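Residue numbers (my numbering): 21 to 457.
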């Protein structure tokens with residue numbers, strides 16, 4: 021989803037009364053951290069996982085009664101029976117849904133990367149759908165005022181990576197809700213790549229739509245936990261200051277050590293190039309290749325699992341396998357992208373085969389892949405129109421450090437050690453906002 025040079029610029033430039041429901045966990049920013057839920061039994065993991073949306077729907081959406089509700093969602097906002105949450109809400113008598121706000125790719129998912137759906141009347145529900153892609157907090161607040169919301173519901177499946185743009189849509193929506201004095205409810209969903217935190221910390225001068233605030237690259241939190249972190253750590257210093265009235269409807273029966281496949285939940289692609297949970301598993305690392313002239317597999321059936329270019333050869337897979345990286349093997353692969361980089365050309369490269377998700381390290385693996393790709397004369401860093409920060413890899417990684425260390429010939433351990441302290445500090449800071457063990 022992230023890092024296409026055609027995407028629109030997303031550069032960053034009173035608390036309402038709390039809703040009462042036994043489903044809700046109040047924000048840790050407003051109250052002491054709630055005790056995390058216990059782990060799922062290994063024998064039943066994959067059965068009985070109930071996303072926040074299903075928990076709320078089972079109560080007839082009573083937490084929204086008497087509210088003028090706006091919903092920020094996309095095709096992933098579905099119940100276990102495959103109905104969209106907005107369709108379920110619209111069919112429920114006694115609810116007032118005043119608008120829907122679509123992020124990148126749109127509410128119904130009809131747009132490709134870097135695109136959105138323009139404002140329209142949804143033919144299924146009759147609701148007005150507002151184009152929220154590229155909207156900063158001020159623009160989002162104006163949309164909320166136009167719709168007349170007093171409660172904002174967020175329900176989008178994230179993939180656990182800083183440069184996946186939906187979490188920054190959520191951040192802007194939280195700031196906007198605070199500024200218009202609306203409550204903010206997150207219908208939580210599992211993080212498909214689990215609890216692991218890894219990768220470099222964003223530096224403020226490299227803030228962009230693919231990384232707005234200083235969090236590590238693989239944050240290891242659900243969107244509900246991340247919203248709690250935003251509310252406690254970041255919103256107080258944003259704009260006029262202060263926190264939003266935040267509630268999180270928790271996932272039931274989920275443990276962060278469960279893979280996406282083990283949850284038993286339907287996988288709805290959060291974006292056109294995130295077709296499977298296997299894609300999400302590798303994306304935290306291979307998303308880096310959007311910052312190079314190699315194809316990251318867009319235009320194939322396995323984006324981000326295929327990586328290659330016309331100038332690579334079979335030695336690329338041999339060298340990567342010789343590194344014996346944990347939890348992954350590299351199959352020599354050839355592909356012809358139907359769109360995006362190297363469209364219509366045969367690319368040599370690799371298919372990533374994750375053999376052990378618990379041992380697999382997405383970000384270090386991608387760094388190793390970059391180091392080996394740089395052996396080839398055809399390799400180049402991809403540039404965009406930002407003359408002050410011309411390298412897209414710097415926005416993805418959060419600073420010039422990764423690129424500069426790779427260019428200088430630094431080793432894999434030296435590069436990954438450079439961010440270990442940042443990860444440990446982030447893990448300490450996020451601890452009080454976690455909801456699940």
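Beta carbons are placed, not taken as given, at the ideal position from N, Cα and C, and that holds for glycine.
Every value quoted in this text rests on a predicted model; they were computed, and no experiment measured them.
With 16 other CB atoms within 10 Å as the buried threshold, where does residue i fall?
i	result
residue 363	exposed
residue 428	exposed
residue 321	exposed
residue 214	buried
residue 354	exposed
residue 335	exposed
residue 196	buried
residue 376	exposed
residue 440	exposed
residue 356	exposed
residue 37	Low per-residue confidence applies at residue 37: pLDDT is 36, beneath 50, and the placement is therefore not dependable enough to give any value.
residue 457	exposed
residue 279	buried
Work out the CA separation of residue j and residue i for me, nearest whole Å.
i	j	result
residue 405	residue 310	15 Å
residue 263	residue 269	18 Å
residue 59	residue 218	Residue placement at residue 59 is flagged as unreliable, the pLDDT there being 42, under the threshold of 50; a coordinate-derived value is accordingly withheld.
residue 75	residue 282	19 Å
residue 206	residue 72	8 Å
residue 394	residue 323	21 Å
residue 435	residue 386	12 Å
residue 413	residue 401	7 Å
residue 450	residue 348	28 Å
residue 223	residue 433	21 Å
residue 358	residue 319	5 Å
residue 172	residue 210	20 Å
residue 64	residue 308	Low per-residue confidence applies at residue 64: pLDDT is 38, beneath 50, and the placement is therefore not dependable, though the value from the model is reported in the following sentence. Each residue's alpha carbon lies about 36 Å from the other.
residue 410	residue 83	47 Å
residue 244	residue 194	12 Å
residue 425	residue 454	33 Å
residue 266	residue 216	25 Å
residue 220	residue 112	45 Å
residue 259	residue 446	23 Å
residue 370	residue 431	21 Å
residue 198	residue 185	20 Å
residue 338	residue 390	14 Å
residue 163	residue 365	43 Å
residue 351	residue 392	15 Å
residue 312	residue 330	13 Å
residue 297	residue 256	34 Å
residue 325	residue 403	23 Å
residue 361	residue 170	44 Å
Give the C-beta separation of residue i and residue j to the nearest angstrom, bearing in mind that I take them to be a contact with Cβ-Cβ under 8 Å.
i	j	result
residue 273	residue 69	5 Å
residue 175	residue 187	Not a contact, Cβ separation roughly 13 Å.
residue 396	residue 340	Wrong, their Cβ atoms sit about 13 Å apart, outside the cutoff.
residue 226	residue 418	6 Å
residue 136	residue 150	10 Å between Cβ atoms; not a contact.
residue 192	residue 155	6 Å
residue 208	residue 242	5 Å
May I ask you to check if the CB of residue i is nearer than 7 Å to at least one heavy atom of the ligand MN?
i	result
residue 129	Here there are no bound small molecules, and the ligand MN is not part of this structure.
Could you tell me which uninterrupted beta strand (DSSP E) segments, each at least 3 residues in length, are contained entirely in the segment 184-228, listed from first to last along the chain? 203-207, 218-221
Segment contact, 8 Å Cβ cut-off, at least three pairs: the segment 380-387 with the segment 293-313: yes
List, from N- to C-terminal side, the alpha helix (DSSP H) runs of 4 residues or more that fit wholly inside the segment 109-177. 157-167
Restricting to runs no shorter than 3 residues, where is the beta strand (DSSP E) found entirely within the segment 244-320? 265-269
Taking only runs of the alpha helix (DSSP H) that begin and end inside the segment 426-453, which ones reach a length of at least 4 residues, in chain order? With a minimum length of 4 residues, the continuous alpha helix (DSSP H) runs that stay inside the segment 426-453 are 432-437, 440-450.
Does the contact criterion of 3 or more C-beta pairs under 8 Å hold for the segment 95-110 versus the segment 141-159? The segment 95-110, when compared against the segment 141-159, does touch it at the 8 Å Cβ threshold.
How about the segment 286-294 and the segment 79-93: do they share at least three Cβ pairs that are nearer than 8 Å? no
Which ranges does the alpha helix (DSSP H) cover as unbroken runs of at least 4 residues, wholly within the segment 359-409, from first to last along the chain? 382-393
Touch check for the segment 88-95 and the segment 116-126: three-plus C-beta pairs under 8 Å? yes
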